[in-house]
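S.K.: The sequence shown finishes on residue 100 if you use the numbering used here, and the numbering steps up by one all the way, no holes.
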Amino acid sequence: MNDRRLYNILLSPLTTEKSVLLGEKRNQFVFKVASDATKTEIQTAVQKLFSVSVKSVRTLRVKGKVKRFKQMEGQRSSWKKAYVALAEGHDINIANFE
């Protein structure tokens, strides 16, 4: 995998209440990833970009919501989310990611 693809896989970290609690209690971090990224690509990207050891990767697709404004109806775009569990003793500083 080339370096350009590595930077296109991880789009942004998700910093919600749930993801912050997962980071503190279970050493898991949540990322918004490219919709065509596989688990092995996500694992390789996290390991190379952050120099950490990844224990497991879980992915899911978030379906876009249907929104209405008066008679107009539209839909937000769907996206992919990845839960990355790190090995014991490893940590990611999300503040320096963006």
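Glycine is no exception: its CB is placed at the ideal position from the N, C-alpha and C atoms.
(1) Could you pull the DSSP bridge partners for Q77 from this structure?
(2) If you draw a straight line from the alpha carbon of L1 to that of V68, how long is it in whole angstroms?
(3) Assign V86 to one of two classes, buried (16 or more other C-beta atoms within 10 Å of its C-beta) or exposed (fewer than that).
(4) I'd like to know whether the C-beta atoms of N4 and A36 end up nearer to each other than 7 Å.
(5) Can you tell me which of the three DSSP states T42 falls into?
(6) When you compare only the Cα positions, how much space is there between T2 and F52?
(7) Return helix, strand or coil for V54, following the three-state DSSP convention.
(8) Ignore the nearest five residues each way along the sequence and tell me which others in N66's own chain have a CB closer than 7 Å to its CB.
(9) Give the DSSP bridge partners of K82, in chain order.
M.R.: For this structure:
(1) Counting from 1 along the sequence shown, the entry for residue 77 is found at position 75. Paired residue(s): V68.
(2) Given a span of 3 to 100 for the chain in the structure shown, any question on residue 1 remains unanswerable.
(3) Here residue 86 is taken as the residue at index 84 of the sequence shown, counted from 1. Classification for V86: buried.
(4) The sequence position of residue 4 within the sequence shown is 2, counting from 1. The sequence position of residue 36 within the sequence shown is 34, counting from 1. No. Outside cutoff.
(5) Working through the sequence shown from its first residue, we reach residue 42 at position 40. It is helical.
(6) With the chain represented from 3 up to 100, any question about residue 2 goes unanswered, as that position is not in the structure.
(7) For the purposes of this step, residue 54 is taken as the residue at position 52 of the sequence shown. Three-state DSSP puts V54 in coil, outside helix and strand.
(8) The residue labelled residue 66 in the question sits at position 64 within the sequence shown. Sequence check: residue 66 is Gly here, not Asn. Result list for G66: Q77, R78, S79 and S80, in chain order.
(9) Numbered from 1 along the sequence shown, position 80 holds the residue referred to as residue 82. The partner list for K82 (beta bridge, DSSP) reads V35 and R63.
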